[in-house]
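See below for the structure under consideration.
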Amino acid sequence: MKKPTVLLADDHQIIFHALKGILEKEFQVVDSATNGVELMEKAEALRPDILVVDVSMPLLGGIEAVKQLRKKMTGLKVVFLTMHSDMVFAAKAFESGAKGYVLKHAAPAELLMAVHEIAQGRTFVSPAIAGQLMEYYRSGSAKKQEVPGACLTSRQLQLLQFLAEGQSVKEISSLLNISPRTVESHKYRLMQQLNLKNTAELVAFAMKHGLVSGSSQ
Numbered sequence: 277m278k279k280p281t282v283l284l285a286d287d288h289q290i291i292f293h294a295l296k297g298i299l300e301k302e303f304q305v306v307d308s309a310t311n312g313v314e315l316m317e318k319a320e321a322l323r324p325d326i327l328v329v330d331v332s333m334p335l336l337g338g339i340e341a342v343k344q345l346r347k348k349m350t351g352l353k354v355v356f357l358t359m360h361s362d363m364v365f366a367a368k369a370f371e372s373g374a375k376g377y378v379l380k381h382a383a384p385a386e387l388l389m390a391v392h393e394i395a396q397g398r399t400f401v402s403p404a405i406a407g408q409l410m411e412y413y414r415s416g417s418a419k420k421q422e423v424p425g426a427c428l429t430s431r432q433l434q435l436l437q438f439l440a441e442g443q444s445v446k447e448i449s450s451l452l453n454i455s456p457r458t459v460e461s462h463k464y465r466l467m468q469q470l471n472l473k474n475t476a477e478l479v480a481f482a483m484k485h486g487l488v489s490g491s492s493q
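According to the numbering used here, the sequence shown holds residues 277 to 493 in order.
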């Protein structure tokens, strides 16, 4: 019987090899991605059955990458593996179309169980936060609480990602294939939209709210 295929996405190679070791006896790990852009490219090229994705990655966050992917690959099954135990992140993950949410400090068997459940069309949440997540939705907090960055476009989130990673306007223009003037224009509109005064405040906002790689991990 053919093993279900899995694509792993994590920007730490040590974690990738650990995850591969956990999963490869029962699943076919087809490849790995180290950033959100690479994740999108490889997922579209390889068409895996399941994605195991970190929430925070360089170039484009895992949640935003999955949201974009699921517009093209509606049947894609996704498990998020993350350090984020905050209910806002878990809610954002499931709203992006994910079927599983596993904390990185959980036992390896928990990840394996999650991937099995998702492969069978079910959902899985780490027991450590399952009760909190249920209460979060039951109390209506998911509707009442405005998710930081929810109003931003994919391009704006990507721009925030690059700024937080220390990329210059010239570097960002090259990465996004747009002019430096357009980058500055996007950045100015971001500051207006978020009521922030400068690049430093934009970066601090992104890091504080976990919108980019390296924040709260």
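Note that CB positions come from ideal geometry on N, CA and C, so glycine has one too.
Since the structure is predicted, the reported quantities are computational estimates derived from the model, not experimental observations.
405 is the residue among 399, 436, 405 whose C-alpha sits nearest the C-alpha of residue 359.
Pairing residue 299 with residue 379 gives a Cβ-Cβ distance that is not under 9 Å.
Following the DSSP letters along the chain, one finds residue 482 inside the alpha helix (DSSP H) bounded by residues 475-484. In this structure, the alpha-carbon of residue 458 lies about 8 Å from that of residue 449. Taking 3 residues as the shortest admissible run, the stretch 333-372 contains the following complete beta strand (DSSP E) segments, listed from N- to C-terminal end: 353-358. Annotation: the continuous alpha helix (DSSP H) that includes residue 312 extends over 312-322. Ranking 306, 281, 333 by CA distance to the CA of residue 440 puts 333 first. Rounded to the nearest whole angstrom, the CA to CA distance from residue 395 to residue 305 is 14 Å. In the three-state scheme derived from DSSP, where H, G and I count as helix and E and B as strand, residue 468 is classed as helix.
Around the beta carbon of residue 453, a 10 Å sphere encloses fewer than 16 other beta carbons of the protein chains shown; the residue is thus reported as exposed.
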